[in-house]
Amino acid sequence: MSSFAYIIDIVKYVIGNWKSNQNITESLIWLDGISALRPKFSSDMTVILCLPFTDIAAFNQHLSDLALPIITGSQNVSHLPPGKHTGEITANMLSELISYCIVGHSERRRDFKETSEMVAQKTRQLLENSITPIVCLDLPYLDEQIKALFNADIDVSRCFFVYEPIAAIGTGKPVDPIDANHVAGQIAFLTDNAAPILYGGSVSQDNVASFVSQSKIDGVLVGTDSLEPTLFAGIISSLS
Numbered sequence: 000m001s002s003f004a005y006i007i008d009i010v011k012y013v014i015g016n017w018k019s020n021q022n023i024t025e026s027l028i029w030l031d032g033i034s035a036l037r038p039k040f041s042s043d044m045t046v047i048l049c050l051p052f053t054d055i056a057a058f059n060q061h062l063s064d065l066a067l068p069i070i071t072g073s074q075n076v077s078h079l080p081p082g083k084h085t086g087e088i089t090a091n092m093l094s095e096l097i098s099y100c101i102v103g104h105s106e107r108r109r110d111f112k113e114t115s116e117m118v119a120q121k122t123r124q125l126l127e128n129s130i131t132p133i134v135c136l137d138l139p140y141l142d143e144q145i146k147a148l149f150n151a152d153i154d155v156s157r158c159f160f161v162y163e164p165i166a167a168i169g170t171g172k173p174v175d176p177i178d179a180n181h182v183a184g185q186i187a188f189l190t191d192n193a194a195p196i197l198y199g200g201s202v203s204q205d206n207v208a209s210f211v212s213q214s215k216i217d218g219v220l221v222g223t224d225s226l227e228p229t230l231f232a233g234i235i236s237s238l239s
């Protein structure tokens, strides 16, 4: 089997994370841009784009008009159920808009002091509303972060997990793919080999194949390069 065919066989997920970028108008321009580029979406690939809350409804409508095989997600959710929680966006509110949601991103753990217990609460809220959690993890906290999920009786087989080394986020300096695969193997062991495991951190069209060709890595979480249609389309096409 050629290396090209091997990559195609194992690719599963490409997830974009826009973070706090793109207003509604910019998000629609992005969609038009990627539609014009016509990247080849492999039938073995699931492409997910995690948007700011404010973009989701308009993006979904235009996405439907363009008939692109992209699934929408969000980047955060409240750890609380519906109720008297001014300003919170609950999983119930999002359930009619998205299929996936990022939780536990290192930027939220750092900037908003989110604990692993809070991440577990968010994960539960998502699962109770039929939204797939994309749970971000990092060394040296894997045991503690995953233990919090089991302590909350989370069914980890209904989650995605992302190895997201802080030093690689937005720096243009990804970790070595072999090292990433080793950590993905640790996550697989700790989660009973029950769920997809992705790598995130300075993923680009130039290095994405080296990550998804690893035995324990089922896809990638893309930050900076998901903001530019040409770069994101390049990642998709390089795996198709």
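Residue numbers (numbering that gives the first Met the number 0): 0 to 239.
Beta carbons: idealized from backbone N, C-alpha and C, even for Gly.
Keep in mind it's a predicted model, so treat the numbers as computed, not measured.
Where residue i falls, given that 16 or more other Cβ within 10 Å makes a residue buried
i, result
"L138", "exposed"
"I28", "exposed"
"S201", "buried"
"D217", "buried"
"E95", "exposed"
"S225", "buried"
"F111", "exposed"
"E163", "buried"
"C66", "Contrary to the premise, residue 66 reads as Ala rather than Cys in this sequence. Exposed: under 16 other Cβ atoms inside 10 Å."
"N16", "buried"
"S73", "buried"
"D8", "Bear in mind that a pLDDT of 47 at D8, under 50, signals an unreliable position, so the model cannot answer this."
"R108", "buried"
"G222", "buried"
"A4", "Per-residue confidence for A4 stands at a pLDDT of 42, beneath the threshold of 50, marking its modelled position as unreliable; no derived number is given."
"A240", "Given a span of 0 to 239 for the chain in the structure shown, any question on residue 240 remains unanswerable."
"T24", "exposed"
Pairwise C-alpha distance: residue j and residue i
i, j, result
"S239", "F40", "6 Å"
"L126", "S156", "11 Å"
"K18", "D191", "30 Å"
"F210", "E116", "30 Å"
"H61", "L30", "8 Å"
"I55", "N150", "32 Å"
"A179", "A187", "12 Å"
"G184", "Y12", "17 Å"
"C100", "L136", "14 Å"
"P80", "Q213", "38 Å"
"G169", "K146", "28 Å"
"G82", "A208", "45 Å"
"N22", "D64", "19 Å"
"L189", "G32", "40 Å"
"D205", "T85", "44 Å"
"Q144", "E106", "15 Å"
"L141", "V182", "9 Å"
"S42", "T71", "17 Å"
"N20", "E227", "11 Å"
"K215", "L148", "21 Å"
"L93", "H78", "13 Å"
Limits of the beta strand (DSSP E) - the one that residue i falls within
i, result
"S73", "I69 to S73"
"V76", "Taken as a continuous stretch (DSSP letters only), V76 belongs to no beta strand (DSSP E), as it is neither H nor E."
"G15", "Y12 to N16"
"L220", "G218 to V221"
Under 7 Å between C-beta atoms of residue i and residue j
i, j, result
"S98", "F58", "no"
"V76", "G103", "no"
"I47", "I88", "no"
"Q124", "A90", "yes"
"T114", "I153", "no"
"L220", "G199", "yes"
"A167", "P173", "yes"
"I130", "F160", "no"
"P38", "I235", "yes"
"A232", "L36", "yes"
"C158", "P176", "no"
First through last residue of the alpha helix (DSSP H) which encompasses residue i
i, result
"N91", "A90 to L93"
"N180", "P176 to L189"
"L226", "Taken as a continuous stretch (DSSP letters only), L226 belongs to no alpha helix (DSSP H), as it is neither H nor E."
"V202", "No alpha helix (DSSP H) contains V202, which DSSP labels as neither H nor E."
"E25", "I23 to L36"
Any chain B beta carbon closer than 7 Å to residue i
i, result
"L93", "The structure shown contains no chain B; it holds only a single protein chain."
### Query
Enumerated in chain order, which unbroken segments of the beta strand (DSSP E) with a length of 3 residues or greater are wholly contained in the segment 38 to 65?
45 to 50
#### Entry: Uninterrupted alpha helix (DSSP H) stretches inside the segment 98 to 159 (no shorter than 4 residues)
105 to 110, 115 to 127 and 141 to 150
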